[in-house]
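The C-terminal residue of the sequence shown carries number 554 in the working numbering, and the numbering is unbroken.
What follows is a short report on a single structure.
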Amino acid sequence: MVTTIYRNATIFTADDAGTPGAPGARAEAFAVSAGRFTHVGGLEQVREQARAGVAADGDEVLEVDLGGRFVGPGIIDSHTHLTTFGEAVGKVQLRDCRTLEEIRQRLLAAHRADPRTPRILGAGWLFDAVGDEHPTAAMLDEVLPDVPVYLDANDLHSVWVNTAALEEMGIDAHSPDPVGGRIARDAEGRATGMLYETAGRQYARNFLERITTPEDQVRFLELAFAAYLESGVTTVTDMAMNRADVAAIRALVARDGGLPFPVTAHMIIEPGEDTAADLAGIEEIVALQQEIAVGPEADWFRIAGVKFIMDGVIDACTATMRAPYADGTNCDPIWTAERLRPVAHAADEAGLQIAMHAIGDRTSEIALDLLEDCAMRRHPRRHRVEHLETVTEETIGRMARLGVTASMQPVHCDPAIMDNWKAVLGDHRSEEGFPWKMVRDAGVAITLGTDAPTAPHEALPNLYIALTGGSAMSPELPPYHPERAFTPEEALTALTAGGAWAGEMEHLRGRIRPGLEANFLVLDADPRREAPEALLSTQVHSTYVQGVQRHRR
Ligand SMILES: [Zn+2]
């Protein structure tokens, strides 16, 4: 057995005797053996302990000089969607294309690189790049007349397709516009290549989902894992898995004997026919959870609980607010309290962690009513509320009292994407969003994530926003209420130990501490000492999972 001592680094352990959110202790070196941290502390002390530990059977001790770099626990992305993120990673990226010609050249290059691919999927194109004209199928047909092309707009609210794609979807002059969407047409009613809002989802998205194979799903997972490792992420919590996602995880474990890093999942459950159907859904999840807990996946994959999507988003005025939006509208929650109560109780009773997507300030009240109910019925579990973009001080106080985790995504309040968010709220609420400081001051357990692919998955820009309230996309923009920002220690702890706590895996990972999995990342910049701007130009130097280097720049 080899013991490796990592030295000459500035180390952030996130360790503070188990208190979530507390600043971490410091160490000079640590030793790793059999995938776990074995010793952490001063260099001489770690050397002595490591040598004493192996002297008996003459095993080897190696030393790795980390060149004075920063080392922290591997990042835990506490809220992601692995397969949809991986699918997005695999698309041709068009966000930086400034002209139609650039878009066309990039698509053509992708086609030439892999001429046998049955269709070309792209993402991130900007209307500005196409100029004053509306995007059309003909613009794409000129370079790609035979291969179907599907291009998601940057805001994910419309899809631009070519004629071959219209044909394979079966869209013609008789195809109806779905409720809430529109097929762009010429004077004769023929589709011209743009599918707006629900037309994009109901035609393009559904068509592509139907032809997605289990092999595709596995490939999406591989792309997601690789992208995360590059970003220093060593564990994720998937916040809305379905059966197909679970099957892909299991296929990957069956093929490779494990995953690139451990995954915890919350299974999505949406309102069914009636309460009996919802309760049957909980039973199915419990059965699946138990099956996996004793299966070959158990070391790498765990179903932690369920996810209820309680409302929509503020940008579309579909999050449920205490008071109406600026235009006078409001929106009912997707799950009413009456409907959800028996289902939440059943989940709690079965030992499942409950995660509730609650963005509107009314929705988080309903979520806390239900979780308070659960807490009164049984011993406390680590239930959690996702997003909390608008939330009252009272609700935050209840979260602290009930031990409910706040799961938040700094990338969702990048000032570059907040103009519409603020406008639809239209009053004091637009300046009171994402109240991180209030959450911290109340003593609520915090975990941070990215919600990829709804926002960029990279950990360092996410950390930058947490530290500054500024924009990682357009750093020249003024920050959104920087007085809410985290200190580096607070943010790093929330991104590591906080995620482990939220996922009930603090006994396995999340800190640099003897006995835990040796998951860590190495950075050129120390987020505690350098200006946060350094995080926008720094790449992760290397990423280790269970003591094995899984990424190196
Ligand atoms: Zn999500």
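No residue lacks a Cβ here, since even glycine has one placed at the ideal position from N, Cα and C.
Does the Cβ of residue 80 lie closer than 7 Å to at least one heavy atom of ligand 1? The answer is yes for residue 80.
In whole angstroms, give me the CA-to-CA distance for residue 24 and residue 149. Confidence in residue 24 is poor, its pLDDT being 40 and thus under 50, which makes the residue's placement too unreliable to answer from.
Once you ignore the five residues that flank residue 556 on each side, which residues in its own chain have a CB closer than 6 Å to its CB? The chain is shown only over 2 to 554; residue 556 falls outside these bounds and no answer can be derived.
In chain order, what are the residue ranges of uninterrupted alpha helix (DSSP H) at least 4 long that sit wholly in the stretch 236–286? Within the stretch 236–286, the complete alpha helix (DSSP H) runs of at least 4 residues fall at 244–257.
Shortest alpha-carbon distance to residue 230 belongs to which of 370, 521 and 42? Looking only at 370, 521 and 42, the smallest Cα-Cα distance to residue 230 is reached by 521.
Please report how far the alpha carbon of residue 510 lies from the alpha carbon of residue 252, in whole angstroms. Rounded to the nearest angstrom, the two C-alpha atoms are 24 Å apart.
Could you tell me whether the Cβ atoms of residue 438 and residue 484 are closer together than 8 Å? Result yes, Cβ atoms of residue 438 and residue 484 sit closer than 8 Å.
Mind the definition here: the stretch 495–512 touches the stretch 234–251 only if three or more C-beta pairs lie below 8 Å; say whether that holds. As far as the Cβ criterion goes, the stretch 495–512 touches the stretch 234–251, which means the pair count is three or higher.
Terminal residues of the continuous alpha helix (DSSP H) containing residue 374? Residues 362–378.
Sub-8 Å separation of residue 96 and residue 132 beta-carbons: No, they are not a contact pair.
Grouping DSSP H, G and I as helix and E and B as strand, with all else coil, what is residue 343? In the structure shown, the three-state DSSP call for residue 343 is helix.
Could you name the residues of the same chain whose beta carbon sits closer than 6 Å to that of residue 529, not counting the 5 residues immediately before and after it, in chain order? Same-chain partners within the cutoff: 489.
Counting C-beta neighbours from all protein chains within 10 Å, is the total for residue 491 16 or more, i.e. buried, or is it exposed? Around the beta carbon of residue 491, 16 or more other beta carbons sit within 10 angstroms, so the residue counts as buried.
Using a threshold of 7 Å, is the CB atom of residue 241 nearer than that to any non-hydrogen atom of ligand 1? Ligand 1 has a heavy atom closer than 7 Å to the beta-carbon of residue 241.
What's the gap between the Cα of residue 507 and the Cα of residue 302? The alpha-carbon atoms of residue 507 and residue 302 are separated by roughly 15 Å.
Quick check on the DSSP output: what are the complete alpha helix (DSSP H) runs of length 4 or more inside the stretch 65–143, in order along the chain? If we require 4 residues or more, the alpha helix (DSSP H) runs fully inside the stretch 65–143 come out as 83–90, 101–114, 128–131 and 138–142.
When burial is assigned at 16 or more other CB atoms within 10 Å of the CB, is residue 514 buried or exposed? With 16 or more other Cβ atoms within 10 Å, it is buried.
Quick check: does the Cβ of residue 452 come within less than 7 Å of any heavy atom belonging to ligand 1? Yes, Cβ of residue 452 sits closer than 7 Å to a heavy atom of ligand 1.
In angstroms, rounded to a whole number, what distance separates the CA positions of residue 18 and residue 415? With a pLDDT of 48 at residue 18, under the threshold of 50, the modelled position of this residue cannot be trusted, and the question is left open.
When the Cα atoms are used, what is the spatial distance from residue 349 to residue 382? Their Cα atoms are separated by approximately 8 Å.
Closer than 7 Å: residue 544 CB and nearest ligand 1 heavy atom: Residue 544: no, Cβ never under 7 Å from ligand 1.
Ordered along the chain, which non-local residues of its own chain (more than five positions away) have a Cβ less than 8 Å from that of residue 121? When the five nearest sequence neighbours on each side are left out, the beta carbons in the same chain lying within less than 8 Å of the beta carbon of residue 121 are those of 93, 108, 111, 112, 145, 148, 149, 150 and 151, in order along the chain.
In the structure shown, what three-state DSSP assignment does residue 410 receive? In this structure, DSSP gives residue 410 a state outside helix and strand, which the three-state scheme calls coil.
Indicate, with yes or no, if ligand 1 has a heavy atom lying under 7 Å from the CB of residue 406. Relative to ligand 1, the beta carbon of residue 406 is positioned no closer than 7 Å to any heavy atom.
Starting from residue 184 and walking both ways along the beta strand (DSSP E), at which residues does that stretch end? Segment 182–186, the beta strand (DSSP E) holding residue 184.
Rounded C-beta distance between residue 53 and residue 62? I'm assuming under 8 Å. In fact, because the Cβ distance is near 10 Å, the residues do not count as touching under 8 Å.
Inter-residue spacing [alpha-carbon to alpha-carbon] between residue 428 and residue 391: Rounded to the nearest angstrom, the two C-alpha atoms are 13 Å apart.
Is it right to say residue 363 is buried, meaning 16 or more other beta carbons lie within 10 angstroms of its own, or is it exposed? Of the other Cβ atoms in all chains shown, 16 or more fall within 10 Å of the Cβ of residue 363; this residue is therefore buried.
Who pairs with residue 522 in a beta bridge, going by DSSP? According to DSSP, which records beta bridges pairwise, residue 522 is partnered with 73 and 544.
Evaluate residue 542 with the Cβ neighbour count: other Cβ atoms within 10 Å of its Cβ, from every protein chain shown; 16 or more gives buried, anything less gives exposed. Looking at its Cβ environment, which holds 16 or more other Cβ atoms inside 10 Å, residue 542 is buried.
Taking all protein chains shown into account, decide if residue 290 is buried (16 or more other Cβ within 10 angstroms of its Cβ) or exposed. With at least 16 other beta carbons inside 10 angstroms of its own, residue 290 counts as buried.
Using 10 angstroms around the beta-carbon of residue 177, count the other beta-carbons present and answer buried if the total reaches 16, otherwise exposed. Looking at its Cβ environment, which holds fewer than 16 other Cβ atoms inside 10 Å, residue 177 is exposed.
Measure the alpha-carbon distance for residue 22 versus residue 79 and round it to whole angstroms. Caution applies to residue 22, whose pLDDT of 43 falls short of 50 and renders its modelled position unreliable; the value that the coordinates give is listed next. Their backbone Cα atoms lie some 15 Å apart in a straight line.
Looking at the unbroken alpha helix (DSSP H) that takes in residue 356, where does it start and where does it end? Segment 354–359 is the beta strand (DSSP E) holding residue 356; no alpha helix (DSSP H) there.
Looking only at its chain, what residues have a beta carbon closer than 8 Å to the beta carbon of residue 60, apart from the 5 residues adjacent to it on each side? Excluding positions up to five away in sequence, the list reads 2, 3 and 4.
Regarding residue 455 and ligand 1, is the C-beta to nearest heavy atom distance less than 7 Å? Correct: residue 455 has its Cβ closer than 7 Å to ligand 1.
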